[in-house]
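**Q** In numbering that gives the first Met the number 0, the protein residues as written are 0 to 208. All C-beta atoms, glycine included, are put in the ideal place defined by N, C-alpha and C. So that we are looking at the same thing, I have put the structure below in structure tokens.
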Amino acid sequence: MTVLLTGFAPFGGSATNPSWRAAGLVAGRRDDVVAVELPVEFGAALPALRAAIEAHGPDVVVCAGEAGGRDKVTPERVAINLVDARIPDNAGRQPVDVPVVAGGPAAYFTSLPVKAAVAAIQARGVPAAVSYTAGTYVCNQVFYGLMHLLATDFPALRGGFVHVPSAPEQVSSGEPALAVEESAEALEAVIDVALTTSEDLPVAAGTLN
């Protein structure tokens, strides 16, 4: 079994992106994981993702991104067919209120067992929770685009998206952050669950707001 694990390049003025650093750590210690860095560019991210799938022929795809302000690793449950960029991407583009895929479904659910993934992450001592919004920036574009690819062109694959918090060196004192090594531990837990679990845990993981 082969896992394609993606992270993103730095963006928004930051010199680093913990999603890519964590992905690199995981790939460096596992023979079943191939890590690919995706550009934070609306016009280039999905072509790069498709090229990576075609080049490596994975069985599972796990895409990771940075979620500044979150204090937990958050496997995402749903991607929406919307781009509404609050800031420009690394190519200077800032699309507003456009679909990820014209004519595509309003949303896709992940095909990864996110509740089991959260339990596995927590078992490693890393804070985690299921998330129900991947935002409307390049992370959500890649998540929706991935699930659309799996629904249309690669139906045998399973995939999903995981957000990791900013690294401590990126934030001011007291702001939410998580060490990159802990994010890597969480991504490994997600991968292990994705490779061994077909049915998600029947436990509550919803939110009230």
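1) In the region 6–54, which residue ranges form an unbroken beta strand (DSSP E) of at least 3 residues, counting only runs that do not cross its ends?
2) When the distance is taken between beta carbons, is E36 closer than 8 angstroms to V163?
3) Count the other CB atoms within 10 Å of the CB of R28; is the residue buried (16 or more) or exposed (fewer)?
4) Do the region 163–183 and the region 84–92 meet, that is, are 3 or more Cβ pairs less than 8 angstroms apart?
5) Can you name the start and end residues of the alpha helix (DSSP H) that V129 belongs to?
6) Should the region 193–204 be regarded as contacting the region 68–75, the criterion being three or more beta carbon pairs within less than 8 angstroms?
7) Just to confirm my understanding: we take A44, look at its own chain, exclude 5 residues before and 5 after, and list those with CB closer than 7 angstroms. What are they?
8) Under 8 angstroms: do the region 97–105 and the region 119–128 share three or more Cβ pairs, one atom per stretch?
9) Secondary structure at V79, three-state DSSP: helix, strand or coil?
10) Is the distance from the Cβ of V33 to the Cβ of L3 below 8 angstroms?
11) From D31 to T1, what does the alpha carbon distance come to, in whole angstroms?
12) Between A101, A50, A115, which lies nearest to A203 when the distance is taken from Cα to Cα?
13) Just tell me which of A178, A188, P94 has its CA closest to the CA of E40.
14) Do V179 and P17 have their beta-carbon atoms positioned less than 8 angstroms apart in this structure?
15) How should L207 be labelled, buried or exposed, when 16 other C-beta atoms within 10 angstroms of its C-beta is the threshold for buried?
16) Per DSSP, what kind of secondary structure is T73 in: helix, strand or coil?
17) For A118, name the three-state secondary structure that DSSP assigns.
**A** Based on what the coordinates show:
1) The region 6–54 contains these whole beta strand (DSSP E) runs: 32–37.
2) Taking 8 angstroms as the cut-off, the Cβ atoms of V163 and E36 do not count as close.
3) That one is exposed.
4) Flag = no, the region 163–183 and the region 84–92 do not touch.
5) First-last for V129: undefined, no H or E at that position.
6) The region 193–204, when compared against the region 68–75, does not touch it at the 8 angstroms Cβ threshold.
7) Excluding residues within five positions, the ones whose Cβ falls inside 7 angstroms are L37, P38, V137, Q140, V141.
8) With a cut-off of 8 angstroms, the region 119–128 and the region 97–105 do not count as touching, because too few Cβ pairs lie within range.
9) In the sequence as presented, Val is not what sits at residue 79; that position holds Ile. The three-state reading of DSSP puts I79 in strand, counting E and B together.
10) For the pair V33 and L3, the CB atoms are nearer than the 8 angstroms cut-off.
11) So the alpha carbons of these two residues sit roughly 5 angstroms apart.
12) Out of A101, A50, A115, A115 has the C-alpha closest to the C-alpha of A203.
13) When each option's Cα is compared against that of E40, the closest is P94.
14) The answer is yes: Cβ separation under 8 angstroms.
15) L207 is exposed by the Cβ-count criterion.
16) DSSP places T73 in strand when its eight states are reduced to three.
17) Taken through DSSP and simplified to helix, strand or coil, A118 comes out as helix.
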